[in-house]
Amino acid sequence: MQKMTSKTIRIALEFSDEPFGRYPEDSDDNGQRFREEYLIPALDKYDNVVIEFDGAEGYGSSFLEESFGGLVRKHGYKPADLLRRLELKSEEDESLISEIIGYINSATPEK
Amino acid sequence: MKRLSPDKKIRLISLSRERFEHDLARRGRHYDPARRLIDVRPSSSQKNRQYIEIEVPEILCLDSAYEQTALFFKKIRDTTTTTTVTVRLHFEDCKSIKPTALLLLLSEVHRARLSRGQYALTGTYPKDHALLRRMCATGFFKLLGIKSPVEAPKTFPLEYIPFQSSNRRAKHTTKEMREGLLGEKIQMQTSARKQLQRGVAEAMLNAITHAYPSGKVRPQALQNRWWMCGHYHLPSKKVWIMFCDLGVGIPRTLPRTYPIERIRGVLNILPGITPDDGEMVYAAMQLGRSRTEQSHRGKGLKDLLFFIDQAGAGDLQIFSNRGYYQYHGDGTEVRETLPVPIGGTLIKWSVPLNKIVIPDAENDIKDN
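Just so you know, the protein sequences line up as chains W and U, in that order. Numbering of the first sequence is given in the working numbering, commencing with residue -4 and proceeding in unit increments. Numbering of the second sequence is given in the working numbering, commencing with residue 403 and proceeding in unit increments.
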């Protein structure tokens, strides 16, 4: 039986302690960059990806939707597949998890 | 060494003074021996400078004197954008400027100076000492290039802290404001800290991406500009966080994100009827919160509410053009269309301090 591979991404330590905005023109710590430079490579290489949200100043809706909803809208990931492979951890703000699940489920692929 | 005679001593002192005064005169200054002061002799350009004098109303407050306050800001705006003459604001008889009005005043003054330089606008000191102290604490006179005549007290939480402004995203702004206002001993709860950051980040993102017409604002320093200030309201023991931009306002930017039919739908109004500003701001808040809304954009406005929801108390106020929206900690909402536009968007969070700080920190909160 093949062992499942896993990768952990600690956003505050590895990406930014203050994520902000959707696009590069909003800031360097934007959701598009996080998705393209961290999430996508991890999803391509590993079976499961653990995202740790603690330690950052806070997460705005724009950043979260672009990062995670964008996986469905821009890259065609299936919501069910993402929810199976992504493990979201947030002890400081547990409501983030349900919010992100909502963005993944409500996103529709762009034509 | 030979002693000087008294006459000779007097003669030498007189010569020395003559030389001193001659040197001062050469540099455009003169000495007043009666007051023993050196006065600056105004240059010809300053002597001939004309001013447009504007009296600051006795009270500037968006809650109790909205129309008077908004009209005053409109007067500053209209005057500084249509004339090259220096505008002088007379604060002598002003008795009260509430924190939200003070932030708007700061932003209008700052905009005038960024647009037309240091001679665009100047002012006089208020006679009311408490008002003077508050204006100094927010950095108002520093912005005008005038020396702050008094120092603000350093008892935390501070009543006022210097305002912040930028025309791009500024990292750690909320953290610096929070720490500047509360000091080291009074710590905000982690959850409150995160929700405040969320709200401010959304307001900032809105200012730099939606509020201003893209690339059309001159000078460049004004494009996407926002201003922010914090205040500890001692009588109610509440923390006020205020954020504003001088852009086109939510009523004008909302139709860019949502079709008008969708806006009418959430307001339950008939086709063909144009929502007024108060309805537009209210609609923006409803659409931002809707989980059934198809669009992936426009979700950020709900971020503004989380700081209030987390505390379970306090309120959020939004003034945008002529629209007014208020959200209370118990979930109730108020909307209104005001008689005069505010000239941008102003957001104010007001939360009881004891609802957002770590319980032990309450012992460090002193009454000023």
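All residues carry an ideal CB built from backbone N, CA and C; glycine is no exception.
- Interface annotation for the segment 7 to 38 of chain W against chain U: E13, F15, G16, D21, S22, criterion Cβ-Cβ distance under 7 Å.
- Distance from E561 of chain U to R580 of chain U at the Cβ level is roughly 15 Å; contact not present, criterion being Cβ atoms closer than 8 Å.
- Of the residues W:L66, W:S11, W:N43, W:S57, the one whose Cα lies closest to the Cα of P104 of chain W is W:L66.
- K757 of chain U sits in a helix when the DSSP states are folded into three classes.
- For T611 of chain U, a Cβ of chain W is located within less than 8 Å of the residue's own Cβ.
- By the neighbour-count criterion, in which 16 or more other beta carbons inside 10 Å mark a residue as buried, L740 of chain U falls on the buried side.
- A distance below 7 Å between beta-carbons, with the five flanking residues on each side excluded, links L707 of chain U to the following residues of its chain, in chain order: L718, Y729.
- Per DSSP, reduced to three states, the secondary structure at K573 of chain U is coil, with no helix or strand assignment.
- Not one beta carbon of chain W lies nearer than 8 Å to the beta carbon of A685 of chain U.
- The beta-carbon distance between Q566 of chain U and I758 of chain U, rounded to whole angstroms, is 20 Å. This is too long to meet the 8 Å contact definition.
- Listed in chain order, the alpha helix (DSSP H) runs fully inside the segment 513 to 586 of chain U are 531 to 540, 542 to 545, 575 to 584, counting runs of at least 4 residues.
- Here I46 of chain W is bridged, per DSSP, to W:I4, W:L83.
- Taking 8 Å as the cut-off, the Cβ atoms of P673 of chain U and I665 of chain U do not count as close.
- For L491 of chain U, the enclosing beta strand (DSSP E) begins and ends at 488 to 492.
- Taking the beta carbon of D76 of chain W as reference, no residue of chain U falls within 7 Å; the closest one sits roughly 19 Å away.
- Look at D88 of chain W: its C-beta is under 8 Å from a C-beta on chain U.
- At least one C-beta of chain W is nearer than 8 Å to the C-beta of D705 of chain U.
- Taken atom to atom, the span from the alpha-carbon of G746 of chain U to that of V650 of chain U is near 6 Å.
- Separation of the CB atoms of L607 of chain U and G702 of chain U is rounded to 6 Å, and the pair is thereby assigned contact status at 8 Å.
- The Cβ of Y72 of chain W sits no closer than 8 Å to any Cβ of chain U.
- It is roughly 13 Å from the alpha-carbon of K106 of chain W to the alpha-carbon of Y72 of chain W.
- Put simply, of U:K411, U:T576, U:S568, U:R479 the residue whose alpha carbon is nearest the alpha carbon of A51 of chain W is U:T576.
- By the criterion of a C-beta distance shorter than 6 Å, F474 of chain U is surrounded in its chain by P459, once the five residues flanking it on both sides are discounted.
- When only Cα atoms are considered, H633 of chain U and T540 of chain U end up about 9 Å apart.
- For I652 of chain U, no beta strand (DSSP E) encloses it; the enclosing alpha helix (DSSP H) starts and ends at 652 to 659.
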